[in-house]
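J.:
Numbering (this note's numbering), first residue to last: 1 to 223.
(1) Does DSSP put residue 166 in a helix, a strand or coil?
(2) What residues in its chain sit with their C-beta under 6 angstroms from that of residue 159, if we drop five residues either side in the sequence?
(3) Pick from 132, 157, 94 and 161: whose alpha carbon is nearest that of residue 147?
(4) Roughly how many angstroms lie between the CA atoms of residue 73 and residue 196, to the nearest whole one?
(5) At what residue ranges does the segment 39–116 contain a whole run of the beta strand (DSSP E), taking only runs of 3 or more?
(6) The beta strand (DSSP E) that contains residue 244, what's its start and end?
(7) For residue 21, does the count of other Cβ atoms within 10 angstroms reach 16, so buried, or fall short, so exposed?
(8) Less than 8 angstroms between the beta carbons of residue 56 and residue 34, yes or no?
(9) State the start and end residues of the unbroken beta strand (DSSP E) segment that holds residue 190.
(10) In its own chain, which residues sit with a C-beta less than 8 angstroms from the C-beta of residue 176, not counting the 5 before and 5 after it?
(11) Under the three-state reduction of DSSP, which class applies to residue 221: helix, strand or coil?
(12) Could you tell me which of 139, 76 and 105 sits nearest to residue 255, measuring between CA atoms?
(13) Would you say residue 31 and residue 135 are within 8 angstroms of each other, going by their C-beta atoms?
(14) If contacts are defined as beta-carbon pairs under 8 angstroms, then residue 215 and residue 172 qualify, I think. What distance do you get, rounded to the angstrom?
(15) Are the CB atoms of residue 118 and residue 126 nearer to each other than 8 angstroms?
(16) Determine, using beta carbons only, whether residue 152 and residue 199 come nearer to each other than 8 angstroms.
(17) Can you tell me whether DSSP reads residue 31 as helix, strand or coil?
(18) Quick one: what's residue 184 bridged to in DSSP?
(19) Going by C-alpha to C-alpha distance, which of 87, 156, 52 and 101 sits closest to residue 169?
(20) Once you ignore the five residues that flank residue 103 on each side, which residues in its own chain have a CB closer than 7 angstroms to its CB?
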């Protein structure tokens, strides 16, 4: 994979619950517009109309995003145990957006509505939030959409059946003991909420730090 020029690990720490059928008729609550911004060193704390967010630069190539509709509980993770590294970070804002620039990546936080997208230092899209499909809740279930880039390919999620390239497929992360499983059965024994996206000689990783059942859709129903 010599053509892969950059690896940007984007940690999205969002509590995600599985959507059940009874929740489909409940009202959708979107994150909404940013109403308050606090910048402290390598961290940004935001309040929006319906949620709060915390964006932390963990290293020049790792950015962590926490998002919740309720007040944050004490920061705890079974998987993320490292502390943020001291990094050279330039954070600026204007009425429209907040910009986070490290030696490796640029993150743009749009204020109306709240969204987070990632770019190379020269402005090429690495991973973007999908316009009009921002993070939202239905009761205790939450959905987040990311824009699929042209010709993008995906790998990861742990022990899964099917092709190595996950494009065009959907998967459920929920460890399940399925002895003698079929060639297309899902979920299986080991689920790892990390995947890599590859496009335009760029690649990135998203780790979704979540212990609840999670459904990943890699263009199986839309782009």
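Where a beta carbon is used, it is the ideal one built from N, C-alpha and C, also for glycine.
T.: Short version:
(1) Coil, per DSSP.
(2) Cβ neighbours of residue 159 beyond the five flanking positions: 188, 189 and 190.
(3) 132
(4) Looking at the two C-alpha atoms, the distance is approximately 29 angstroms.
(5) 43–48, 52–59, 62–68, 90–93, 97–101 and 106–111
(6) Not covered by the structure: residue 244. The range shown for the chain is 1 to 223.
(7) Bear in mind that the predicted position of residue 21 carries a pLDDT of just 40, short of 50, making it unreliable; the figure below should be weighed with that in mind. That one is exposed.
(8) no
(9) That residue, residue 190, is in no beta strand (DSSP E); it is neither H nor E in DSSP.
(10) 187, 188 and 189
(11) coil
(12) Because residue 255 is not part of the residues shown, which for the chain are 1 to 223, the question remains open.
(13) yes
(14) Contact flag correct, Cβ pair sits at about 5 angstroms.
(15) yes
(16) Inclusion of residue 152 and residue 199 in the CB contact set at 8 angstroms is warranted, their separation being smaller than that value.
(17) coil
(18) The partner list for residue 184 (beta bridge, DSSP) is empty, contrary to what the question assumes.
(19) 156
(20) 60 and 88
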